[in-house]
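For reference, the structure discussed in these notes is given below.
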Amino acid sequence: MHNVETVSRRKLLLAVLGAVTGFAGVRFAARAGLIPPDGGAGPYGPGASLSYAAHRLLTRNANAREFPRDQISAKPFANGEPPKDEAYKRQQSAGFADWRLTVDGLVARPMTLSIADLKQSQPARSQITQLACEEGWSYIAEWTGAPVSDLLNAAGIQPNAKFVVYQSHDKDWWDSVDLDEAMHPQTLIAYGMNGADLPPAFGGPLRFRVPRQLGYKSVKFLNRLTVTDDLRKFGKGLGSPGPEYGYSWFAGI
Ligand SMILES: Nc1nc2c(c(=O)[nH]1)N[C@H]1C(S)=C(S)[C@@H](COP(=O)(O)O)O[C@H]1N2
Ligand SMILES: [Mo]
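Structural data, given as structure tokens:
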């Protein structure tokens, strides 16, 4: 694994040069893992690739801001409603005892966990962070959950793994992050919010919470994590449905 120190400013400079010098530079950036899987297909085009490269080189170990308790929003905004299908409603009335999270793909030990299993097998982490929607609104809440890194380490990540794809009970919603983001200590599988169980309106019973990126990457009603070496194997191959609609795959803030 590279880190900020070894992947030096020189490489960043080269990547920047690549962005202005064209093909050879782009090939270099691709080899160094500095091009997002949507290839900067979003509205910002190559600028989005440059932003990804800069984040990856300079902020790999940086944390999302954490807030003091008195900053927690009194009225957090739930964007949308919980799923309306019978299967979800049945789960909800059973207190989500039958909810399962599957971890599969490039792991040594694929697993399927209930929420009780998840709480019991993984240490809990809490953090007060902001959820920021691309539309401009945001709120601050305390999130509690299992770090994705702990869960993936328990499953045993295979050496060729590069991304984690995560899926929702909401079939149209899925997304992915690179392994740096997945293994970052603030990236959680959240089951708690502001000291209570994560409410359905906010993605209960489980949510992928990735506070270093925009709200749309924090997929609600989470039921599956798949470790992969290649995002082209999923959906239309752009890493998430977002880039099809003009949102960039990498949504670092
Ligand atoms: N399953 C699912 N996850 C989702 C969404 C959704 O509609 N369905 N909306 C996304 C968007 S665009 C944002 S900004 C946040 C909103 O989170 P909130 O409901 O906690 O405000 O959830 C994201 N995760
Ligand atoms: Mo959003």
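Residue numbers (our numbering): 9 to 261.
The beta-carbon is built from N, C-alpha and C at its ideal position, and this holds for glycine as well.
If you're wondering where the values come from, they're calculated on a predicted model, not measured in any experiment.
query: Take every Cβ of the region 195-207, pair it with every Cβ of the region 134-154, and state whether three or more of those distances are shorter than 8 Å.; result: yes
query: Using a Cβ-Cβ cutoff of less than 6 Å, which residues in the same chain neighbour residue 262 once the five nearest sequence positions on both sides are dropped?; result: Residue numbering for the chain in the displayed model covers 9 to 261; residue 262 lies beyond these limits and cannot be assessed.
query: Let me know the secondary structure DSSP gives residue 143 once reduced to three states.; result: coil
query: Suppose you measure from the CA of residue 248 to the CA of residue 242; what does that come to, to the nearest Å?; result: 8 Å
query: Leaving out five residues on either side along the sequence, give the residues of the same chain with a beta carbon under 8 Å from the beta carbon of residue 11.; result: The predicted position of residue 11 is uncertain, since its pLDDT is 44 and thus under 50; a value taken from the coordinates is nonetheless stated next. Cβ within range, chain order: 68 and 69.
query: Output the residue ranges of the alpha helix (DSSP H) runs that lie fully inside the region 75-102 and measure 4 residues or longer, sorted by chain position.; result: 94-101
query: Anyone know if the C-beta pair for residue 135 and residue 159 falls short of 8 Å?; result: no
query: Going straight from the alpha carbon of residue 48 to that of residue 140, what length do you get?; result: 21 Å
query: Per DSSP, what kind of secondary structure is residue 13 in: helix, strand or coil?; result: Note that residue 13 scores 45 on pLDDT, short of 50, meaning its location in the model is unreliable; the coordinates nonetheless yield the value given after this. The answer is coil: DSSP assigns residue 13 none of H, G, I, E or B.
query: Just checking, does the region 95-103 make contact with the region 214-223 on the three C-beta pairs under 8 Å criterion?; result: no
query: Is it the case that the CB of residue 206 approaches a heavy atom of ligand 1 more closely than 7 Å?; result: no
query: Which partner residues does residue 121 have in the DSSP bridge list?; result: 109
query: Is residue 198 near ligand 1, in the sense that its beta carbon is under 7 Å from a heavy atom of that ligand?; result: no
query: Ordered along the chain, which non-local residues of its own chain (more than five positions away) have a Cβ less than 6 Å from that of residue 212?; result: 206
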